[in-house]
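K.L.:
Chains as they are written, first to last, in numbering that gives the first Met the number 0: chain G, 0 to 290; chain Z, 0 to 257; chain L, 0 to 282; chain P, 0 to 372. Note that CB positions come from ideal geometry on N, CA and C, so glycine has one too. The following block contains the structure, expressed as structure tokens.
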Amino acid sequence: MGEFASLLAAGVAQGAIASLIALGIVLLHKTTGIVNFAQGDLLTLGAYLGVFLVVDHHVPWVPAYLLTLAVAFVVGMLIERVGYAPLRRQPIITVIISTFALALGLRALLVVWRGQDAQSLPAPVGAGVWHVLGAAIPYQNALIVGVTAVVCAVLVVVLHRSTVGRQVRALAADRETALLQGIRVSRLSALMFGLSAALAALGGLLVAPTLSVSTELGFGLLLSSFAACVLGGFDRIGATVAAAFTVSVAQQLAAGYVSPDYVEAYPFLILLVALVIRPRGLFGEAIGVRY
Amino acid sequence: MNAPSTVPPLLECRDVTVRFGGVTAVDGVCLDVSVREVVGLVGPNGSGKSTLLNAISGLVNARGEVYVNRQPMPLRRPGEAIRRGVFRTFQTPQIDPNLTCLENVLVASTDQGRRGASAAWLRRRAMWARDRARWDEADTALRRVGLAARANVPAAGLAYGERRHLEIARALMARPSLLLMDEPAAGLSSTETHRLADLLEQVGENTGLLLVEHKIAFLERLCRRIVVLQTGRRIAAGSPAEVWADPAVAAAYLGEAR
Amino acid sequence: MRVRATDRTPAAAESQAPAASPAPLLAVRGLSVSYGQVEAVHGIDLEVGAGEAVSMLGANGAGKSSTLRALSRLIRSGGQIVFDGVDRRRASADGLARAGLVHVPEGRRLFASLTTEENLLVGRSARAGRPPLFDLDDIYDLFPPLAGLRRRSAWALSGGEQQMAAIGRALLAAPRLLLLDEPSLGLAPVMVDAVYTVLARIRSQVSIFVVEQNASLALDLCDRAYVLATGRIVMSGPASDFADRAELLASYLARDEPSGDEVEGDAVPDVDPDQRRAAAATG
Amino acid sequence: MSVIDQVRGGAEHLRDRAAAAPSRPAVFGRRQWETLIVVAVLAALLPLVTNGLYLLGVATTATIYAVLALGFYFQFCLAGQFSLATSAFYATGAYTSVWAARHGGFLVGLVAAAVVAGLVGALLKLALARSPLIHFSIATLAFGSLALIVLRNWESFTGGATGRYGIRTELFGLSITSPEGFYLLGLAVLVIGLVLAVAFERSPARRDVIFARDMGDVARTTGLRVRRIQVAAFGIGAAYMGAAGSLLAHTSGFINTTSFSVEISLDVLLMVLLGGVGSLWGPVVGAVVLTVLPEVLRDMADYKDLIYAGIILLVVLARPGGLASLVVLARPAVVRGGAALAQVRPRRRAVGGGPMRLDGAPLDATPTREPKP
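Structure follows, in structure tokens:
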């Protein structure tokens, strides 16, 4: 029993990180149609900023985390200016490829700034462990799940209750008609780039204490977040978060009970099998064709 | 044109229905086109004309039955119609800017043989022979629509009217038994509209035509029978003269007479 | 004074300015839209006075929708667009909406994934500080069927219900001028009547410019009307001048092709000069 | 696939141009065969110019990446399938070749690598045929990672982490060991790849795959079997990548899973973008440039990626057509250049309605040099 619980706990924690990144990707895709391949490297940026502030400059972890999110937000807005706005008329694939270039550039900057050797970020809640149902759950994992739950709750409330949330969903549904309602579409797009970057950076800050921080950190996690986005159909936030947890828990259970050396392979296997059955993702609906 | 009753039916639509969420764009429409008959399909904006064409050519989810030469045709699959000789053009001419005019026509060739990679690598001689025959056919089609001089010009450089004619050349290349046309005369000057009518008159001699169009003078010259749709339903059908006299049609366009 | 289409004068009929009213709320001079698509607009002039209701009639493909999309800055256009005394050619679509020129698009285009009430609330984004003309309850009074559909997702509404919600959404923006693009499109006659009854009720509070095919209802609602055919205004004048339905139907169905754009093509099939400019304009 | 047939095909074209074919698709007018022969001859002279182990090694790697990039050209530029599984097909080809070469030398290994990788690619595309572009691209990213993990754990086939070493390369009975030999082997495979690519371009298959890529459902209503065309094109691309894997194994003599990281998929993508997506020369130019560049930047290793990113952003923002459209040798595809040509060339009316050459000049006129756009 203990082993199941600990696998489940590990899966839930990993699912939380994957959902933070996936949320950023889906929100951005819904409002701008762009899939940002630099999302993973924004996560790495968040982790490194955390290390820079907390380890190098002994900033207390709450202001350090807030400052990191603010910086990530600004970087996200910059990416919108450099990688999205000038390519307004280009086909989507050119814009996606420009996010590739930005990802490469960001990773190179991090290498130049922090060098190659791995670093680590101490867990803000200490390295203690909880014993629940025979499973040893590190405090950090609990913090990850807690923060993610709060972030998701805030997002749902803002999107469904507030004016700006309704405007974001309107923009996602029909950009041209959103313009006709007087919604400041270009400003909102920039905000969405910032928000998705901040979500990724938050993911970085939370996962850093559990793994060693290297320039490749983000890209590895990105793949399982993409799997969640595709399974969620790139469309609905609830479906994406559910898919993120499903994929991560399934991965941990399969690693525990089937064989550990394929641990990284399971999310991809799940994604491929799901896509063969549901070409548009588990929850994706057929998109009406207009001629 | 011969009376439709004695001529075998080419296209038969029974209760074709298309629904987008709460909106019923096409509502149980029945429509027939006989072999070598030219039928007009008219109606105010939003009456479901284009959606009906999309349903027949498998581009939108539709319910109901459609028969071609009395054989049932499965809906919702874009390739089924052409396999039964039903070709369609679009409201906005669908031209591939990355190919030349000739290539835009050649792709519709009914000769599917020796066109793949294996032919390109292993049987080039046979491939050339087959392709030259296609070139001749495509060249004649381009001449018929007056674009022979533009054979090698990339389609991206064509003016709107020329794109419209290129799509018709592609239709000729496909040698369909039934041609569905979505507002072929839209955006054309009156000269071009007359020229298009001349061309379609020739085409209509051995090919069935179903024309969605607003230019009534153009339709009257080509069609013996016109079907009128309003809000997805068929509200009138008959010869052009009968249709224009029908008060329901005037109401469909102008609203209820006050 | 009504200028008839068959006159040999140049295509753009000069519109007779109504009795000396204050500067028009919306004044359009030489509006032209050219792109590879079907509708092109060739230099039209029109006006809507404050508190006035004006209609633009025309058959399919006459250029009605292109005119509205140009007015609301969704597409680029030539000519001058003066709204509220300010030339708006540089304005963005969302900026113009916030200035009070609110456009109810063709085909209603509600936000499918939002509920009916959420769609209405989004309309307030364009109010931008203007005192509210209507609040939510007023909308449910004007359109009773919507009261029962607050929580329903917009994609599940019928055509008529969607049209009501689209107009309600625009009214919540307290528009200074309401642009309506074919409100009768695809609606059953009983629904069209319901929509026009509401438009008649709000006439006193909002200036209206409605583009329509359904001439009789539009003419009942409006003071003046223009008729557009192949991108040119061929008739304009007070609504009473358009009683002759047969003639109107004739211009709708392009029975008598306006001779204005007759082009003598030479042996090689030449292209209508407008089309070539259109293609060139789009590059 | 007999090489003689290709050469005859080439000669056939030279004869064709003189024969007064009726209006013939313009793409056949371009001098692709001549360009190919010039490139092959020039490249073959390299061993005479230098015998440095290091330089020939870099040149051999350039040929391998050029074959990989050609495979990506078939999948992305021609068929429009944005795939990130290049490294998986590359690895599959390498290990298959090592396994097959034991039974019949390099040629058997090469063909086996291409066939197996090609089948895997075709099956992947077939299985995901109805997925939209973004879903498919991410699925290929997943497939790439999955395949590498499977290969790493498939000890019997791949030798696991230690990999395969001491790979011998026998061709027609003699064993190739010298750097010149490896380079010429790489060049030979690249030239065969180019011959097949040019033959594919000069056939109806090119227009079908481009129409299917650009027009989707409209192509289906026009009668094209879009799924079959795209599965074939994706499979052919994967076969090229398998062949490149075989080349890597036999010219480096040693492979293990670290030689096939996901970064290779990114590098090949960047090569094609940098080189140009408009013609089959783009990928080749991009591959050579991006293989040589890091060697030149050797001392600025840290900044390598930064410079890459800068170049790519510049190319994507400034010249969507990529470098190839600048290189004189790589004639721009008639498609992109054609539009400029159409305007530049005075419109010549057919005199007396006689048969016309494709570029509008009356038949008897000698083919004028078309101005470079």
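(1) Compute the distance between the beta-carbons of residue 196 of chain Z and residue 171 of chain Z, then report whether it is under 8 Å.
(2) Comparing C-alpha positions only, which one of P:125, P:86, P:276 sits nearest to residue 64 of chain P?
(3) As an exercise, report each continuous alpha helix (DSSP H) stretch of at least 4 residues that is fully enclosed by the region 109–183 of chain Z, in chain order.
(4) Is there contact between the region 39–46 of chain L and the region 216–235 of chain L, where contact requires at least three CB pairs shorter than 8 Å?
(5) Identify which residue in Z:240, Z:120, Z:94 has its Cα closest to the Cα of residue 152 of chain Z.
(6) Quick one: what does DSSP say residue 13 of chain Z is sitting in, helix, strand or coil?
(7) When you compare each of L:106, L:50, L:214 to residue 21 of chain L by their alpha carbons, which one comes out closest?
(8) In the DSSP assignment, the alpha helix (DSSP H) including residue 133 of chain L goes from what residue to what residue?
(9) Could you give the first and the last residue of the continuous beta strand (DSSP E) run that contains residue 235 of chain L?
(10) For residue 220 of chain G versus residue 206 of chain G, is the C-beta distance shorter than 8 Å?
(11) Between the region 36–53 of chain G and chain P, which residues of the former have CB atoms less than 8 Å from a CB of the latter, in chain order?
(12) Around the C-beta of residue 233 of chain Z, are 16 or more other C-beta atoms found within 10 angstroms, so that it is buried, or is it exposed?
(13) Would you mind sorting residue 102 of chain P into buried or exposed? The rule is 16 or more other CB atoms within 10 Å of its CB.
(14) Express the C-alpha separation of residue 172 of chain G and residue 105 of chain P in angstroms, rounding to a whole number.
(15) State the start and end residues of the unbroken alpha helix (DSSP H) segment that holds residue 207 of chain P.
(16) Any idea if residue 150 of chain G is buried or exposed, counting beta-carbon neighbours within 10 angstroms, 16 or more meaning buried?
(17) For the alpha helix (DSSP H) that contains residue 270 of chain P, what are its first and last residues?
(18) Excluding sequence positions up to five away, which residues of its chain have a Cβ less than 6 Å from the Cβ of residue 190 of chain L?
(19) For residue 323 of chain G, which of helix, strand or coil comes out of DSSP?
(20) What residues in its chain sit with their C-beta under 7 Å from that of residue 229 of chain Z, if we drop five residues either side in the sequence?
(21) I want to see whether chain Z comes within less than 8 Å of residue 181 of chain L, judged by CB atoms only; does it?
(22) Between residue 67 of chain Z and the ligand PLP, is there a pair consisting of the residue's CB and a ligand heavy atom that are separated by less than 7 Å?
(23) Does residue 30 of chain P pass the burial test, meaning 16 or more other C-beta atoms within 10 Å, or should it be called exposed?
(24) For residue 185 of chain L and chain Z, any beta-carbon pair shorter than 8 Å?
(25) When you compare each of Z:106, Z:61, Z:83 to residue 68 of chain Z by their alpha carbons, which one comes out closest?
(26) Could you pull out every residue in the same chain whose Cβ sits closer than 6 Å to the Cβ of residue 66 of chain Z, ignoring the five residues on either side in sequence?
(27) Nearest to residue 236 of chain L by CA position, among L:223, L:66, L:228, L:205, is which residue?
(28) Assess, as a yes-or-no matter, whether the region 181–196 of chain G is touched by the region 68–79 of chain G under the definition of 3 or more beta carbon pairs within less than 8 Å.
(29) Near residue 342 of chain P, what residues of its chain come up, given a Cβ to Cβ distance below 6 Å and the 5 sequence neighbours on each side ignored?
(30) Please confirm whether residue 106 of chain P has its beta-carbon closer than 8 Å to some beta-carbon of chain Z.
(31) In its own chain, which residues sit with a C-beta less than 6 Å from the C-beta of residue 102 of chain G, not counting the 5 before and 5 after it?
(32) Can you tell me whether residue 256 of chain G is buried or exposed? The criterion is at least 16 other CB atoms within 10 Å of its CB, across all chains shown.
(33) Taking 8 Å as the threshold (beta carbon to beta carbon), is residue 30 of chain P in contact with chain Z?
(34) Where DSSP assigns a beta bridge to residue 32 of chain L, which residues make up the other side?
(35) Note the first and the last residue of the continuous beta strand (DSSP E) segment covering residue 101 of chain P.
(36) Go through the region 119–184 of chain G residue by residue and report every complete run of the alpha helix (DSSP H) that reaches 4 residues or more, in order.
P.N.:
Here's the rundown:
(1) No, the Cβ-Cβ distance between residue 196 of chain Z and residue 171 of chain Z is not below 8 Å.
(2) Nearest C-alpha to residue 64 of chain P: P:86.
(3) Taking 4 residues as the shortest admissible run, the region 109–183 of chain Z contains the following complete alpha helix (DSSP H) segments, listed from N- to C-terminal end: 116–121, 123–143, 159–172.
(4) These segments touch.
(5) Its Cα nearest to that of residue 152 of chain Z, the residue Z:94 stands out among Z:240, Z:120, Z:94.
(6) Strand.
(7) For residue 21 of chain L, the nearest C-alpha among the options comes from L:50.
(8) In the DSSP assignment, residue 133 of chain L falls outside any alpha helix (DSSP H), carrying neither H nor E.
(9) Secondary structure note for residue 235 of chain L: its beta strand (DSSP E) is the uninterrupted segment 231–237.
(10) For residue 220 of chain G and residue 206 of chain G, yes; Cβs fall inside 8 Å.
(11) Taking a C-beta cut-off of 8 Å against chain P, none of the residues of the region 36–53 of chain G qualify.
(12) Result: buried.
(13) Exposed, since its Cβ has fewer than 16 Cβ neighbours within 10 Å.
(14) Each residue's Cα considered, the two are about 56 Å apart.
(15) Unbroken alpha helix (DSSP H) run through residue 207 of chain P: 203–214.
(16) The residue is buried, with at least 16 neighbouring Cβ atoms inside 10 Å.
(17) Judged by DSSP secondary structure, residue 270 of chain P falls within the alpha helix (DSSP H) whose first and last residues are 262–274.
(18) Sequence-distant Cβ neighbours of residue 190 of chain L in its own chain, meaning closer than 6 Å and more than five residues away, are 159.
(19) Residue 323 of chain G lies beyond the range of chain G shown here (0 to 290); nothing can be said about it.
(20) Around residue 229 of chain Z: 42, 43, 46, 251.
(21) Cβ-Cβ to chain Z under 8 Å: yes for residue 181 of chain L.
(22) You won't find the ligand PLP in this model; it holds no ligand whatsoever.
(23) The residue is exposed, with fewer than 16 neighbouring Cβ atoms inside 10 Å.
(24) At least one chain Z Cβ lies under 8 Å of residue 185 of chain L.
(25) It is Z:83.
(26) Correct list, in chain order: 11.
(27) Measuring from the Cα of residue 236 of chain L, the nearest candidate turns out to be L:223.
(28) The way I'd put it, the region 68–79 of chain G does touch the region 181–196 of chain G; three or more beta-carbon pairs between them come closer than 8 Å.
(29) For residue 342 of chain P, the predicted structure reports a pLDDT of 26, less than 50, and the residue's modelled location is therefore unreliable. A value from the coordinates is still provided. The beta carbon of residue 342 of chain P sits closer than 6 Å to no other beta carbon from its chain once the five residues preceding and following it are set aside.
(30) For residue 106 of chain P, no Cβ of chain Z is located within less than 8 Å of the residue's own Cβ.
(31) Residues of the same chain with a CB within less than 6 Å of the CB of residue 102 of chain G, apart from the 5 flanking positions on each side, are 36, 37, 40 in chain order.
(32) With fewer than 16 Cβ atoms within 10 Å of its Cβ, residue 256 of chain G is classed as exposed.
(33) By the rule that beta-carbons nearer than 8 Å mark a contact, residue 30 of chain P does not touch chain Z.
(34) Secondary-structure assignment with DSSP links residue 32 of chain L through a beta bridge to L:40.
(35) Residue 101 of chain P: not part of any beta strand (DSSP E); member of the alpha helix (DSSP H) spanning 85–126, first to last residue.
(36) Fully enclosed alpha helix (DSSP H) runs of 4 or longer: 138–160, 162–172, 174–179.
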